[in-house]
Structures are given as structure tokens and as C-alpha cells.
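Student: First, the structure itself, so that you have it in front of you.
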Amino acid sequence: MAAPLLLVVAIMFVTVAWLFRQTINVQPWQEAGIGSAENSSSGGSFHVPPAAVVLAIFLAVATSLFALSVAAYFMRMMQGDWSGFVFPNILWANTGVLIVSDLAMRSARNAARRGESGAVRNALAFCGACTVLFLVGQVHAWQQLNSQGFFGGSVSSSPSNSFFYLFTALHAAHVLGGFFVLGRTTLRVWRDADAARVRVNVELCTTYWHYLLGVWLVLVALLVPAISELCRARLFS
Amino acid sequence: MSAVAHDESPYAPPAEVPDNMADLAHGHGFWSTYVFSQDAKWIGLQYGCTALAVGLVGMVLSLLMRVQLGFPGVTSIVNPSNYLQFVSMHGLIMVVYLLTALFLGGFGNYLIPLMIGARDMVFPKMNMLSYWLYVVAVVLLMVSFFLPGGATGGGWTLYPPAVILEGTPGAGAGLIMTLVSLAIFVVGFTMGGLNFVATILQARTRGMTLLRLPLSIWGIFTATVLALLAFPALFVAAIMMMMDLTMGTSFFMPAIVSKGQQLAYNGGSPILYQHLFWYFGHPEVYIVALPAFGIVSDLIAVNARKAIFGYRMMIWAILIIGLLSFMVWAHHMFVSGMNVYFGFFFATTTLFIAIPTALKVYNWVLTLWRGDIHFTVPMLFAIGFVFSFVNGGLSGLFLGNAPADVPLAHTMFVVAHFHMVMAVSPVLVLFGAIYHWYPKITGRFLNDTLGKIHFWITFVGTYCIFFPMHYMGYLGVPRRYYAFDNMQYIPDSMHALNAFISLSAFAVALVQLVFVYNMFVSRKNGKPAGSNPWRATTLEWQTEHTPPTHGNFGANLPVVYRWAYDYSVPGAQEDFLPQNQPPAGVAPENHGQGTMLLDLINGRAMAAPAEPAASAGHH
Numbered sequence: 014m015a016a017p018l019l020l021v022v023a024i025m026f027v028t029v030a031w032l033f034r035q036t037i038n039v040q041p042w043q044e045a046g047i048g049s050a051e052n053s054s055s056g057g058s059f060h061v062p063p064a065a066v067v068l069a070i071f072l073a074v075a076t077s078l079f080a081l082s083v084a085a086y087f088m089r090m091m092q093g094d095w096s097g098f099v100f101p102n103i104l105w106a107n108t109g110v111l112i113v114s115d116l117a118m119r120s121a122r123n124a125a126r127r128g129e130s131g132a133v134r135n136a137l138a139f140c141g142a143c144t145v146l147f148l149v150g151q152v153h154a155w156q157q158l159n160s161q162g163f164f165g166g167s168v169s170s171s172p173s174n175s176f177f178y179l180f181t182a183l184h185a186a187h188v189l190g191g192f193f194v195l196g197r198t199t200l201r202v203w204r205d206a207d208a209a210r211v212r213v214n215v216e217l218c219t220t221y222w223h224y225l226l227g228v229w230l231v232l233v234a235l236l237v238p239a240i241s242e243l244c245r246a247r248l249f250s
Numbered sequence: 002m003s004a005v006a007h008d009e010s011p012y013a014p015p016a017e018v019p020d021n022m023a024d025l026a027h028g029h030g031f032w033s034t035y036v037f038s039q040d041a042k043w044i045g046l047q048y049g050c051t052a053l054a055v056g057l058v059g060m061v062l063s064l065l066m067r068v069q070l071g072f073p074g075v076t077s078i079v080n081p082s083n084y085l086q087f088v089s090m091h092g093l094i095m096v097v098y099l100l101t102a103l104f105l106g107g108f109g110n111y112l113i114p115l116m117i118g119a120r121d122m123v124f125p126k127m128n129m130l131s132y133w134l135y136v137v138a139v140v141l142l143m144v145s146f147f148l149p150g151g152a153t154g155g156g157w158t159l160y161p162p163a164v165i166l167e168g169t170p171g172a173g174a175g176l177i178m179t180l181v182s183l184a185i186f187v188v189g190f191t192m193g194g195l196n197f198v199a200t201i202l203q204a205r206t207r208g209m210t211l212l213r214l215p216l217s218i219w220g221i222f223t224a225t226v227l228a229l230l231a232f233p234a235l236f237v238a239a240i241m242m243m244m245d246l247t248m249g250t251s252f253f254m255p256a257i258v259s260k261g262q263q264l265a266y267n268g269g270s271p272i273l274y275q276h277l278f279w280y281f282g283h284p285e286v287y288i289v290a291l292p293a294f295g296i297v298s299d300l301i302a303v304n305a306r307k308a309i310f311g312y313r314m315m316i317w318a319i320l321i322i323g324l325l326s327f328m329v330w331a332h333h334m335f336v337s338g339m340n341v342y343f344g345f346f347f348a349t350t351t352l353f354i355a356i357p358t359a360l361k362v363y364n365w366v367l368t369l370w371r372g373d374i375h376f377t378v379p380m381l382f383a384i385g386f387v388f389s390f391v392n393g394g395l396s397g398l399f400l401g402n403a404p405a406d407v408p409l410a411h412t413m414f415v416v417a418h419f420h421m422v423m424a425v426s427p428v429l430v431l432f433g434a435i436y437h438w439y440p441k442i443t444g445r446f447l448n449d450t451l452g453k454i455h456f457w458i459t460f461v462g463t464y465c466i467f468f469p470m471h472y473m474g475y476l477g478v479p480r481r482y483y484a485f486d487n488m489q490y491i492p493d494s495m496h497a498l499n500a501f502i503s504l505s506a507f508a509v510a511l512v513q514l515v516f517v518y519n520m521f522v523s524r525k526n527g528k529p530a531g532s533n534p535w536r537a538t539t540l541e542w543q544t545e546h547t548p549p550t551h552g553n554f555g556a557n558l559p560v561v562y563r564w565a566y567d568y569s570v571p572g573a574q575e576d577f578l579p580q581n582q583p584p585a586g587v588a589p590e591n592h593g594q595g596t597m598l599l600d601l602i603n604g605r606a607m608a609a610p611a612e613p614a615a616s617a618g619h620h
């Protein structure tokens, strides 16, 4: 549980430090008006759209969720019945597809900054296609494990497989949420054809796709048998 | 809503959202106005009514338990199996579906936009979705009562392996329904919580700096941040338990023999579940308490006609309590066994929380000190809260210490402690808050006499219920038990005490019906309240209309010139100065915020001629 705890402490530390900076010299009981230096130092709002603030907070929430899942993975690993994960090779291909999807999103963002609507449209569509491909690949990995008898009652024989299902399901749910927003943004570009109007949306989507990729890389790394064994050895040392 | 252009002028922050009435989602018919409304005030009322309705269900369950404990065997309605279901569902309903939903969903939605001077939440549609997911969660929880096997009886903490095993009531469909309900609740709350935080950070009106926010908003804000970070633990625990139940995984289920049969589970860790659950469960205490702390601060300041003592200290105390609340979860697991050094760490952090909490109590008392105290019904509830919270907190000192906790953990002492600190205290604040803001919501006062009857019977009655339980726990009377047959160490006097507690509980329950009656009747027949009946400073009392209309503030948003606690200011004509009253020598702004920002962006100075405050003020 140290990982989520450290995360929360870090988030709270940043929040408290920010508030400290905002408020240390302020004496609100003194009559001040609206135009004094007091207000400029303690306004406390961010110079970004509300959607960006919502995304930042949501990423903190999602990080808390994944950190807790990973903490559970480590704690479960310390039980006596742990056995290595049967790593389906398709996960490497899926990881590659997600990287391409992220690169496509990045190029959509760059095109939006340059105001090239056509390029934005194409990049978003390509990113969407890659995302669908990633999800299909994940389903295929599930089916592959299922066909090897790791689903249903047999799952209990391998706790690491159970975590594979948990990690991929949680990650896929977040990918689907992102895909919904991506779809809406793509539709807007298709109808509107004005890159400037969707620039903020595309930038926020890009941040989210970077996050999805980052989380996936951590999760898939933890499932790699060699890394998983290394973690287990460290936990028992 | 889109962001406004922002310059470096000191005038511009913190208004980041344009004041554009056209952006508001106005209802155009019955469904969009009253059912799927996107107005935060209405959503707050929907949350409030739903939470109170489900709270009544929770109260009935507690009465059924008290019938059995006070008068064993008097009714056949309660049996050992459904007694456990009543205990479990009472806990879940009261903690999650009533208190969390009412404080954050109800008061959060109603108060945040009004108190910070915003038209609405920044994402109204997401706000509406949040409420409807809450309704779905509540419906699923209620449905679980009627499934084969009934609702879960594994305790509100849903500890595995017992909760999953066949012998526990509701171990199948009832448990699955509860877990789905909790997961949906978390998703719905996350939508609402994101909105709360973004709105408080980005949509405050001009001049409403962080240190001019009323403490109610600080409490709701910090509790929301806690909930956003803590609820994922409940979510992931619910998903993992569902997988254990339906897919045969063994996250939490160890190798176990049930009814003579070896189950397919192997190697899971029930302690892992406890860590996840309490990582959510302890912050949950403060998710409920912090909004109560904030609201009670405002009730006390208004009714003592005095600035809250140590405003900045109160904010820091809220933040430090929030931070510490994530570092104490394992004190709920002392009896599960742990490394003694961990036990020492968690006992220490637990006791540390007493410091900022005590600061808050001192500040409430010092605010009352030499104040012009008005014993209104909200004030009675606020003072009642201070007493109950101190009493509940003191018994927490026992349970926070591992050596004292171990013998007390499974006794009625714990029931007494957490009910005093987490049930009676916040519920007293809830009632105080309802009496306080009801005139803004409806334009009429609640009946004062009925309110005082409600307060005194609730306050004295809850003490009659929970104070004796400390003594019972000290004698070793166990909690969660259906009956105490053949327990030689429990004297007969304990049974008499149980009967007394039950009678007190019936009286307290009865007087809640008086409160419900008061709310219904006063809506039409209550004394008209006017726009600012408590002569309060905060923005929700300065609206053009009472009840406030959609958009809250008429044509122009208010501009804030001062903090929320200018009561009894020396030299002032009135004993309160509203937050939107300009200081002496400063002219009020009369034009809209959009125009103002445009002026600023275009570089035109805001050089209005100075006017005396008396002529500029609203009152």
C-alpha cells in the first residue's frame, strides 16, 4: 500500500504547497476591495480551460485507481501460491499499436496547432482505428488465455492471470472512455472542419493518450514474467 | 463553457469562466426542468430528497435491530439471518448513500455555485449524470433486498471470506448487487466530484479569492478531493470481489473448507481486502466530517454574530486532517494482526489527527466566546454538534491506541464511538444546515417550535442511545450479535439498559417524522423569510430572487470585496457586511463581468468615481 500512499502524499503535498504560496501573506479579514495586491496573489485559479482542470484531476483519480491495483498485485504476490503469468505474445503487438495510436494523436495535436484541419481529421481517424485495433487485440489476448484454460474456475490456479484480467479490464475501460471523447472530437472536426475550434479538445485528448500509454507500459511491464519474478524476489528479500 | 481570455491584471482572477447566461442549459419542459435538470440547485435538492428517503430506510432498519436487542423475541419479523442483513445495510446506507450523498451531492451542489458566485457548475450535464447514476446505485441496493437470499449480511465492511461464503445471508445475488451498486456510486460520485473541484477552482466570481471562501466551501472542497482519491480503493476492491464471486479468482479468498467441502479458492488474502477497504474507509469518515466542520463553522459565526476565530487556522486544520486521514487506515485492523512497528506508526498518526481537530473545536468555542449568540434552531444543532463531536472524539483516543483497541474492538464501545463521531455529529450538522438554508430553498422558515422539539429530543435521545453503549462495551457486550443468550458475564441490568436504549431510539425516530412533517408543511405555510433572514454575509443570501432562479444572480454576477465573516465590524451600521458590499470609498461595479473583462483586456482602467460605502451598500 506504500505506492498509493506515496501518490496521495505527493498530490496533497503539491496541493498544500500551492495553497501555502497562494495564502501565506493574506489576511482576509482586512478590508481589501477587489483590486488590491491581495487578490492577485490569492486568486488561486489556473489560467487554463475548466476542461483541462477536470482532466488533470481525473488523471489523479485514475492514477490512484491504478496505483491501488498495482499495490494489490504486489501484496498478493507475497502469498505462497503465486505463479508466473503465461504471457501471450500478442500483448507486444498490442503495445506497439497503442504506441502508434499515441503518435497519431500527437501528430493530430501538432496539426491542430498549425491549423491544418485536413491533417487533424486524418490523424484523429487513424488514431481511432489504432485504438479499436488495440482493444480487439486485448480481447484476442483474453480469448487466447481462455482457450488455454485460464478463465472461469481455472483462473484461481494462477493469481497472476487474475491480475492480467483486472489490469486489462480497468485499462480498457479508460481507453473506451477516451475513445468516446475522441469520437466526439473527430465528429466535430468532420462537421466543422476548423482545426482552431477543436485545438483544446485535441490537446487534452493527446495528454490522455500519453497517460493511457504510460499506464499500459507500467502494467504490461509488471506482467512480464522476468520483471514479475524480480519484484517478487525483492519483496521477499 | 469555454475559457475566457486571461490577462495579467490583478482584477481578472479568479473569474476563468465567462458569465454567459446563454450557456446555461435551461429546461424547456417537465422532464428537462424537473427530472433531468442541469441546474445544480435542483440537482442538489434531488440528491437531498433521495438521500433523506434512503436514510429513512436505514433508520427503519436500525429500529428493527433495536426491537430485537431491547425486546428479544417480541416479534418474528427479525430473525438471526435478517438481523445481520439489517446491520449491514444500515451501515452501508447511512455512511455511503445518506451522509456522503447528502453532504457532497446535496449541499455541495446547492451551495457551491451560490456561495462562490457562479451561475452553475462548469459541466452541468455531467452533474446531472452524476445524480442519475446515484439513483441507479440506490435502486440496485434496494433491489438487493428482494433477490433470492436477500441483501448481503456480511457487515457494512463486506469482509471476505465470510461475506462470500454460502452460510452468510445474501452471499450470492444480494452481494453482487451491492458491489455493482457501490461501483456505480463511485463512478457517479467521480463525475460530480470532478465538477465540484473544477467549479471551485475555476468559476469563482471576481474578487472571490481562496481566502474569501466560506469554510463550508473549504470543507466540501477538501472532502471532495479526499473522496476522489479514496473511492478508487472501494471501486477496485468491489471489482476484485466480484471477480472472486463470479470468475473464480482468488484475490481475497484463501483455501477454505465450507460446509465440509473444499472450495476452489486458493491463496487469496482477506487482509488485502481490508487494506483496500480501509484505505477508502477511513478517509470516508472525513469525507463526511469535513463538510460538517465547514458548515458548522458558518452556522456558529452567523448565529454568534462574530467572525470565525482563526479562519486561516481552520483552513489549515481541514487540509492537515485531510492529509492525515490517508495515513491512519490500518488502525481499523489492529485486531487483524500486524507488525508491532506498523501498529505503532498507525496509532501515532491516528492520535496526531487529534491536534488539528482539537484546534477546530477550540476555534468554535472561541468564536462563541463573548459572541452575540442567537439560539436559533440551526445554532442549537451546531452547539449540539460540538458537544457530540468532542465526546465521540474522546472515545476515539481509546480506540486509536492499539493496546486499548484490541479488547474493545468487537464490543458495543466501538458502536458508541463511531455513532457519536460519525452518525450523531454529522447528522446534527445536517439538520442545522437544513434549518439554516431551508428559507433560501423555499423562501419560508421551518416552524421554530417544531424545530426546537426536534432538536431537543434528537440531541438528548441520541445521548440516551449511545452513551450507555460505552459502558456496555466496557463490560464486554459484543456488537453485531442477534442475542446474548447464555453469556453469563452479561448482567441482567444490561438487558434493562438495552430496553431503555431501544425506547430512546423509538423516540428519536418518531421525532424525525415531526421534522419530515415540518418540511412538508412549512413549504407552503411557513413564515415568509425574505432574502436574508439570518442577516448573513455570504453570497447565497444576496441573490436577487429567493428561491434563486436559474443562473442564481440575475443579470450580473456579484463582485466580492471582502471575506465571509465580517460580523459586528466596529463602526459599521449593521452587524454584518455582505461579501459583495464594497469597502468605504470604493464604488460598486454595476456592469456585467463579461464587459468588465473586455474592458480589462482592452487595457481600459476601471476608474470609477469613489462613493461612500453607505450609499453603495445593499443594506
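Residue numbers (my numbering), protein chains in the order written: chain A, 14 to 250; chain B, 2 to 620. Built from N, CA and C at the ideal position, the CB exists for glycine as well.
(1) Would you say B:L300 and B:A383 are within 8 angstroms of each other, going by their C-beta atoms?
(2) By Cβ distance below 8 angstroms, which residues in the same chain neighbour B:A119 in space, the five residues on each side in sequence not counted?
(3) Would you kindly work out how many angstroms separate the C-alpha atoms of B:G155 and B:A331, rounded to a whole number?
(4) Drop a sphere of 10 angstroms on the beta-carbon of B:I94, count the other beta-carbons inside from all chains shown, and report buried for 16 or more, exposed for fewer.
(5) Measuring CB to CB, does B:L64 end up less than 8 angstroms from B:F507?
(6) How many angstroms separate the CA atom of A:S54 from the CA atom of A:V99?
(7) Return the bridge partner residues of B:T412 from the DSSP annotation.
(8) Taking B:G397 as the reference, give the member of B:I354, B:G385, B:A293 with the closest Cα.
(9) Roughly how many angstroms lie between the CA atoms of B:A26 and B:D40, to the nearest whole one?
(10) Anything in the stretch 75-105 of chain A with a Cβ closer than 7 angstroms to a Cβ of chain B? List those residues in chain order, please.
(11) Would you mind sorting A:P238 into buried or exposed? The rule is 16 or more other CB atoms within 10 Å of its CB.
(12) Hey, B:T225 and B:G194: beta-carbon distance below 8 angstroms or not?
(13) Cα separation between B:L235 and B:Y280?
(14) Rounded to whole angstroms, what's the CA-CA distance from B:A614 to B:T539? Just pull it up for me.
(15) Please check if any C-beta of chain A sits within less than 8 angstroms of the C-beta of B:N402.
(16) Taking 8 angstroms as the CB-CB limit, is A:V240 close to chain B?
(17) Determine the DSSP secondary structure at B:Q543, reduced to helix, strand or coil.
(18) Do B:I309 and B:N364 have their C-beta atoms within less than 8 angstroms of each other?
(19) Give the interface partners of A:A142 over in chain B, defined as CB-CB distance under 7 angstroms, in chain order.
(20) What does DSSP give as the partner residues of B:F577 in its beta bridges?
(21) Note down, one range per segment and in chain order, each alpha helix (DSSP H) of at least 4 residues found wholly within the stretch 229-296 of chain B.
(22) Please confirm whether B:V509 and B:G452 have their CB atoms less than 8 angstroms apart.
(23) Quick one: does B:T191 have its CB under 8 angstroms from some CB of chain A?
(24) Using a Cβ-Cβ distance cut-off of 8 angstroms, determine whether A:F71 contacts chain B.
(25) Quick one: what does DSSP say B:R445 is sitting in, helix, strand or coil?
(26) Take B:L431 and list the residues in its own chain whose beta-carbon comes closer than 7 angstroms to its own, dropping the five residues that flank it on each side.
(27) Does the Cβ-Cβ distance between B:G372 and B:A305 come in under 8 angstroms?
(28) Applying the 10 Å Cβ sphere with the 16-neighbour rule, what's the burial state of B:Q262?
(29) Thinking just about the alpha-carbon of each residue, which of B:A537, B:L166, B:N80, B:G394 is nearest to the one in B:T621?
(30) Which same chain residues, not among the five before or five after B:M314, have their C-beta less than 8 angstroms away from its C-beta?
(31) Measuring CB atoms only, is the stretch 68-88 of chain A touching the stretch 215-227 of chain A, in the sense that at least three cross pairs come out at less than 8 angstroms?
(32) How would you list, in chain order, the residues of chain A whose beta-carbon sits under 9 angstroms from the beta-carbon of B:H283?
(33) Taking the alpha-carbon positions, what's the B:K528 to B:N519 distance?
(34) Tell me which same chain residues have a C-beta within less than 8 angstroms of the C-beta of A:L183, skipping the five on either side of it?
(35) Using the beta-carbon of each residue, which ones in chain B are nearer than 7 angstroms to A:L189?
Tutor: Let me lay it out:
(1) yes
(2) V18, I113, T200, A204, R205, T206, N553, L558
(3) 20 angstroms
(4) buried
(5) yes
(6) Reliability fails at A:S54, whose pLDDT of 43 lies under 50, so the model's placement of it is uncertain and the value that follows must be treated cautiously. A:S54 and A:V99: Cα-Cα distance of roughly 56 angstroms.
(7) B:P479
(8) B:I354
(9) 8 angstroms
(10) S77, L78, L81, S82, A85, M88, R89, Q92, G93, D94
(11) exposed
(12) yes
(13) 8 angstroms
(14) Legend: pLDDT at B:A614 = 37, less than 50; position of this residue unreliable, value from coordinates given subsequently. Their Cα atoms are separated by approximately 18 angstroms.
(15) no
(16) The sequence shown places Ile at residue 240 of chain A, rather than the Val named in the question. No, because no Cβ of chain B sits closer than 8 angstroms to the Cβ of A:I240.
(17) helix
(18) yes
(19) Ordered by position in chain B, no residue passes the 7 angstroms Cβ test against A:A142, which lies about 28 angstroms from the chain.
(20) B:Y568
(21) none
(22) no
(23) yes
(24) yes
(25) strand
(26) L103
(27) yes
(28) exposed
(29) Since the displayed chain B opens at 2 and closes at 620, residue 621 of chain B lies outside it and no answer follows.
(30) L360, N364
(31) yes
(32) By Cβ distance, chain A contributes nothing, its closest Cβ being about 12 angstroms from B:H283, past 9 angstroms.
(33) 12 angstroms
(34) L78, F79, S82
(35) The contacting residues do not exist; A:L189 stays about 13 angstroms from chain B at best.
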